[in-house]
Amino acid sequence: MRAITILGSSGSIGTQALQVVDLHPERFRVAALCAHSNADLLFEQVRRYRPDMAALTGPRVPIPDDLQFCQWHFGPDALEKLAHSAPAQDVLVAVSGMVGLRAVLAARQAGRRVLLANKEALVAGGALVMARCQVWGPEATLLPVDSEHSAVYQCLNGAQGNAYRRIILTASGGPFRTWDPARIQLATPEQALKHPNWSMGAKITVDSASMFNKALEVIEARWLFDARPEQIEVLIHPQSIVHSLVEFEDGAVLAQLGLPDMRIPIQYAMSYPQRLPSGLEALDLTQMHQLTFEHPDDSRFPALTLAYQAMEAGGAASAVLNAANEQAVAAFLAGRIAFGGIYQVVTETMQRLGSPAADTLEAVEHADAHARRLADQLAADMNT
Ligand SMILES: NC(=O)c1ccc[n+]([C@@H]2O[C@H](COP(=O)([O-])OP(=O)(O)OC[C@H]3O[C@@H](n4cnc5c(N)ncnc54)[C@H](OP(=O)(O)O)[C@@H]3O)[C@@H](O)[C@H]2O)c1
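The sequence shown stops at residue 1138 when you use this note's numbering, and every number in between is there.
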């Protein structure tokens, strides 16, 4: 039996992790749950899973009398408190955004195993996170949950230390894969939120439409797998069946396939190194009439280029990219800027801030805050 803390339990990944707990109640116990604003769902979850600790990081609301049995925490610091202090072996970091970074570091400081869905933590603070984590072997202390990175991890896990030549991350191409570039610029939030294959939270769904999600994943892969930027390639694979691939020195390519359902990588991380039944429909390859792969079109999806520029610039350039993107996506979803404005805000913020220092958590957070202020200003200027 492993006890797990779930940060972001009200979100898409968090609720699916609880479905995995439901499927294997003899294997997993919920030690702590944390939501930001969805108090009603958190209350329901606490009532059902009876954790030792629970937290709301957003607006404070009264706790119902029947839920006083667990220890409650409030405010932004509660993420770290639960990551560090809840009686769990594992901490699933499934919050969205840069707030995940402190939670990851707190969990590691307390010796917890981190199951990492939150990609922003690695993108912004990759060096800080990797200095505290071991990725390989049965004693791994950081396990990727993102489906592409879980796929690469599963392919490399059988490699017995052999070096790989290339990592190929697949991307669905999102809802605008075949759209004319000029039309993409003017896409509405409603159109961007319609992902063809995956059901996910709003921020990551917009990132999938702009390809900033893949930009973040390229940087995430660079840290997780100690890859040089030129070793990471992205291919558009609209069917989302091949979740990613690894090419070895001898030319052999391993891939991980599966239906697009996040419960598979979530459960793999939760049960690692064991594999458990998932209760999901089997993949029927005879029903997959076509599996196609193509290079991404830079004119439609310029975001990917920014990821390589950020990796080359080093320092906190990736934190700047991430922060500017978070602010620009919020502005887009609020109807304040056009879809094409997201890329413009991120590019301009990166150009102006360059690669600030990233050697401490404070330095990364400083760069993050600076980038957010500038991105907000640029978005506001665009609106006038
Ligand atoms: N969904 C996927 O399929 C998927 C796949 C791969 C990776 N990821 C990554 O996993 C993370 C979560 O994605 P998601 O799709 O599950 O997002 P989501 O559905 O939007 O859920 C986000 C979770 O984070 C909480 N949260 C939001 N802002 C917070 C803050 N400032 N402080 C603390 N908690 C906060 C939310 O709480 P409330 O809802 O209560 O406000 C919610 O529980 C992201 O980093 C994403 O890139 C997701």
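For glycine and all other residues, C-beta sits at the position ideal for the given N, C-alpha and C.
Only a predicted model underlies this, so the values are computations on that prediction, with no experimental measurement involved.
Consult DSSP for residue i and reduce its assignment to one of helix, strand or coil.
{"i": "Arg802", "result": "helix"}
{"i": "Asp995", "result": "Residue identity check: residue 995 is Ile in the sequence provided, not Asp. It is coil, neither helix nor strand."}
{"i": "Cys887", "result": "coil"}
{"i": "Leu869", "result": "strand"}
{"i": "Arg931", "result": "coil"}
{"i": "His827", "result": "strand"}
{"i": "Ala1036", "result": "coil"}
{"i": "Pro1019", "result": "helix"}
{"i": "Tyr1026", "result": "coil"}
{"i": "Thr811", "result": "coil"}
{"i": "Asp794", "result": "helix"}
{"i": "Val784", "result": "strand"}
{"i": "Ile990", "result": "strand"}
{"i": "Pro898", "result": "strand"}
Ignore the nearest five residues each way along the sequence and tell me which others in residue i's own chain have a CB closer than 6 angstroms to its CB.
{"i": "Met852", "result": "Glu874, Ala878 and Asp1122"}
{"i": "Thr959", "result": "Leu947 and His949"}
{"i": "Phe1055", "result": "Met965"}
{"i": "Tyr918", "result": "Val1000 and Phe1002"}
{"i": "Val858", "result": "Val847, Val868, Ala875 and Val883"}
Contact check, residue i vs residue j under 8 angstroms by CB: the rounded distance?
{"i": "Ala1125", "j": "Val1074", "result": "4 angstroms"}
{"i": "Ala785", "j": "Thr759", "result": "5 angstroms"}
{"i": "Gly762", "j": "Val849", "result": "4 angstroms"}
{"i": "Ile990", "j": "Phe1047", "result": "7 angstroms"}
{"i": "Cys788", "j": "Ala832", "result": "6 angstroms"}
Check whether the Cβ atoms of residue i and residue j lie closer than 9 angstroms to each other.
{"i": "Pro929", "j": "Ala1023", "result": "no"}
{"i": "Val815", "j": "Thr924", "result": "no"}
{"i": "Ser1109", "j": "Gly880", "result": "no"}
{"i": "Ala905", "j": "Leu999", "result": "yes"}
{"i": "Ile986", "j": "Ser901", "result": "no"}
{"i": "Phe1188", "j": "Thr942", "result": "There is no way to answer for residue 1188, as the model of the chain reaches only from 755 to 1138."}
{"i": "Leu882", "j": "Leu1115", "result": "yes"}
Excluding sequence positions up to five away, which residues of its chain have a Cβ less than 7 angstroms from the Cβ of residue i?
{"i": "Val889", "result": "Leu896 and Leu978"}
{"i": "Phe797", "result": "Pro818 and Leu821"}
{"i": "Ala842", "result": "Ala757, Ile758, Thr759, Ala785, Ala786 and Arg866"}
{"i": "Gly1069", "result": "Ser1109, Pro1110, Ala1111 and Ala1112"}
{"i": "Leu1060", "result": "Ala969, Leu1075, Val1100, Thr1101 and Met1104"}
Going by beta carbon distance, what residues of the same chain come within less than 8 angstroms of residue i, once the five residues before and after it are set aside?
{"i": "Gln825", "result": "Asp806, Met807 and Ala808"}
{"i": "Gly829", "result": "Thr811 and Arg814"}
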